[in-house]
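>
Structural data, given as structure tokens:
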């Protein structure tokens, strides 16, 4: 299928730079995500008629379905790899197979609070007080660079958390003098910690001196006609550059990344459908998440100009609701949100009708008449009934408005409906994520209940001091014993108990 005029114009404007491209169907759904060293060269290949004969059925089906595309330029090819993986996990395009599993990129980890710190590779970043470097798109390069760093800074590579003299007898690193062997008091732990901190500085980008040394060694090897050694040093230099190259952090999707074919058109259509005065530049969506009345939480997400405005997301734990009551939860959330905005507007003396007002042009409630009615009552009590508010019921995607008995049903291809669905789905995801975090934290904290003799007061003191069970595991016995009710013996028993779990 030849590219349509809009796609051809986009391709002609694409840069010869690395980045990520998103292919979309006629409904605006992302169906494929790919990375490119050169965006223009890679994307244009999909629309070369001469290449079509070599395509398989899957690629033919993909190209037939492409109606539009978006791109996001990045600084380097590793950045493109990382962003591609992040976007595939978030959008789950049906034509992507790779990255749909839970595989993560490698991270380099070191905990400076360990008795004898060591560098290890991991794929999961935890809240355990350790330092993390990465992620690294090239796993081979970081593994080989880590070996180089251990030799340069004389660091240990053995596995025991606290190695001793018995471990040293069987330690290849110590006997080859690659490690300064603090486990047998060859140097003090303070001096060894300085070596580790120097390695940390090296990994944060202070590698220019080593790169210079490798270049000089490579040139000398070439002058001696020792081309095999020169090639080995060249590979080491390339690995070092890859491992220490700074990459972008994509914990959140870039704000500029388009999530619709034409957000302005969708917003204009939405204003007409709902018959509201202003184009809803700011939309706030609410959802409730609870399981059998436990961990009652709510989310509020804000979209600006049709795109997520993540800096203005909020989440709430219910304070007044007893039992499982979604209507009461929605009422409390709306009351707390807009009581806060009224207070802020009053402090700043902002006119509620002005463009500087903190209030949205549209409120979206996830649910039908019940949830919508509870939210409307709270807005009325606050004197904010003029703010347009709707409910979106999931079963038939019906739009409910206050005072109107019949819901609005839009065509499933409608850009306005797709925009509302994105807001609703995002608020649902944000609420469920918060609920899951609380449940995991509760499960983790319940581990302390199994420790013999611990009461609620001592458990509360531990969690207040360290924040989580994982941090208690990494804390020293001296830190634990300083808490009221914990002596040296109790702290030691607690450490052994947690280490076995």
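In our numbering, the protein residues as written are 4 to 504. Note that the Cβ used here is the ideal one computed from N, Cα and C, for glycine as well.
1) Please check the pair residue 321 and residue 299, which I expect to be a contact at CB under 8 Å, by giving their CB distance rounded to whole angstroms.
2) Flag this pair as yes or no: are the beta carbons of residue 137 and residue 111 separated by less than 8 Å?
3) Tell me whether residue 475 sits in a helix, a strand or coil according to DSSP, three-state version.
4) Where DSSP assigns a beta bridge to residue 394, which residues make up the other side?
5) Beta-carbon within less than 6 Å of residue 94's beta-carbon, same chain only, minus the 5 sequence neighbours each way: which residues are those?
6) Do you know whose CA, among 289, 359 and 345, lies nearest residue 329's CA?
7) Give me the residue from 231, 206, 237 and 205 with the minimum Cα distance to residue 219.
8) So, does the stretch 57–75 touch the stretch 25–44, judging by three or more C-beta pairs under 8 Å?
9) Restricting to Cα atoms, I'd like to know which of 204, 303, 275 and 206 is closest to residue 367.
10) Among the candidates 153, 188, 182 and 127, whose CA atom is the shortest distance from the CA of residue 168?
11) As an exercise, report each continuous alpha helix (DSSP H) stretch of at least 4 residues that is fully enclosed by the stretch 65–132, in chain order.
12) Within its chain, find whatever has a CB closer than 8 Å to the CB of residue 479; leave out the 5 residues flanking it on each side and keep chain order.
13) Is DSSP giving residue 40 helix, strand or coil here?
14) Roughly how many whole angstroms lie between the Cα atoms of residue 441 and residue 365?
15) Taking the beta carbon of residue 120 as the centre, do at least 16 other beta carbons fall within 10 Å, making it buried, or is it exposed?
16) In this structure, how does DSSP classify residue 301 when only helix, strand and coil are distinguished?
17) Using three-state DSSP, classify residue 27 as helix, strand or coil.
18) Among 381, 308 and 229, which has the Cα closest to the Cα of residue 265?
19) Quick check: residue 434 and residue 286, are their CB atoms within less than 8 Å of each other?
20) If you count every other CB in all the chains shown that lies within 10 Å of the CB of residue 3, and 16 or more means buried, which is it?
21) Secondary structure at residue 171, three-state DSSP: helix, strand or coil?
22) Can you look up residue 330 in the DSSP assignment and give me helix, strand or coil?
23) Once you ignore the five residues that flank residue 344 on each side, which residues in its own chain have a CB closer than 8 Å to its CB?
24) Taking only three categories from DSSP, how would you classify residue 340?
25) In terms of alpha-carbon separation, which member of 14, 326 and 381 lies closest to residue 339?
26) State the start and end residues of the unbroken beta strand (DSSP E) segment that holds residue 319.
27) For a quick check, are the C-beta atoms of residue 202 and residue 156 less than 8 Å apart?
28) State the Cα-Cα distance for the pair residue 316 and residue 498, rounded to the nearest angstrom.
29) Tell me the DSSP bridge mates of residue 3?
30) What do you get for residue 278, buried or exposed, if any count of 16 or more other CB atoms within 10 angstroms of its CB means buried?
31) Per DSSP, what kind of secondary structure is residue 230 in: helix, strand or coil?
32) Under the rule that 16 or more other beta-carbon atoms within 10 Å means buried, what is residue 283, buried or exposed?
33) Take residue 91 as the anchor and find which of 17, 35 and 44 has the nearest alpha-carbon.
34) If you draw a straight line from the C-alpha of residue 227 to the C-alpha of residue 170, how long is it?
35) What's the gap between the Cα of residue 378 and the Cα of residue 369?
According to the structure data:
1) Confirmed, Cβ separation roughly 4 Å.
2) Contact check for residue 137 against residue 111 passes: the beta carbons are separated by less than 8 Å.
3) The answer is helix: DSSP assigns residue 475 an H, G or I state.
4) Partner residues in the beta bridge of residue 394, as assigned by DSSP, are 368 and 403.
5) Excluding five sequence positions before and after residue 94, the CB atoms of its chain that fall closer than 6 Å to its own CB belong to 33, given in chain order.
6) Per the Cα distances, 289.
7) Closest option to residue 219, Cα to Cα, is 237.
8) Taking 8 Å as the limit for Cβ pairs, the verdict is that the stretch 25–44 does touch the stretch 57–75.
9) For the residues 204, 303, 275 and 206, the minimum Cα distance to residue 367 belongs to 303.
10) Measuring from the Cα of residue 168, the nearest candidate turns out to be 188.
11) Correct list: 80–94.
12) Cβ within range, chain order: 116.
13) In the structure shown, residue 40 falls within a coil segment according to DSSP collapsed to helix, strand and coil.
14) Roughly 30 Å separates the two Cα atoms.
15) Buried: at least 16 other Cβ atoms inside 10 Å.
16) In the structure shown, residue 301 adopts extended strand secondary structure according to DSSP, grouped into three states.
17) Residue 27: strand per DSSP, three-state reduction.
18) Among 381, 308 and 229, the Cα nearest to that of residue 265 belongs to 308.
19) Taking 8 Å as the cut-off, the beta carbon of residue 434 is found no closer than this to the beta carbon of residue 286.
20) Residue 3 lies beyond the residue range present for the chain, which begins at 4 and ends at 504; the question has no answer from this structure.
21) Looking at residue 171 - three-state DSSP - the assignment turns out to be helix.
22) Assignment of residue 330 by DSSP, reduced to helix, strand and coil, places it in the helix class.
23) Within the same chain, residue 344 has close Cβ partners 361 and 362.
24) Look at residue 340 here: in three-state DSSP terms it is helix.
25) Considering only alpha carbons, the answer is 381.
26) Looking at the DSSP string, the run of the beta strand (DSSP E) that includes residue 319 is 317–320.
27) Their beta carbons are under 8 Å apart, which means residue 202 touches residue 156 by this criterion.
28) Approximately 38 Å, taken between the alpha carbons.
29) Residue 3 lies beyond the range of the chain shown here (4 to 504); nothing can be said about it.
30) Its Cβ having fewer than 16 others within 10 Å, residue 278 is exposed.
31) In this structure, residue 230 counts as helix in the three-state DSSP scheme.
32) Classification of residue 283: buried, given that the 10 Å Cβ count is 16 or more.
33) By alpha-carbon distance to residue 91, the top candidate from 17, 35 and 44 is 35.
34) A straight-line Cα-Cα distance of about 42 Å links residue 227 and residue 170.
35) Approximately 11 Å between the Cα atoms of the pair.
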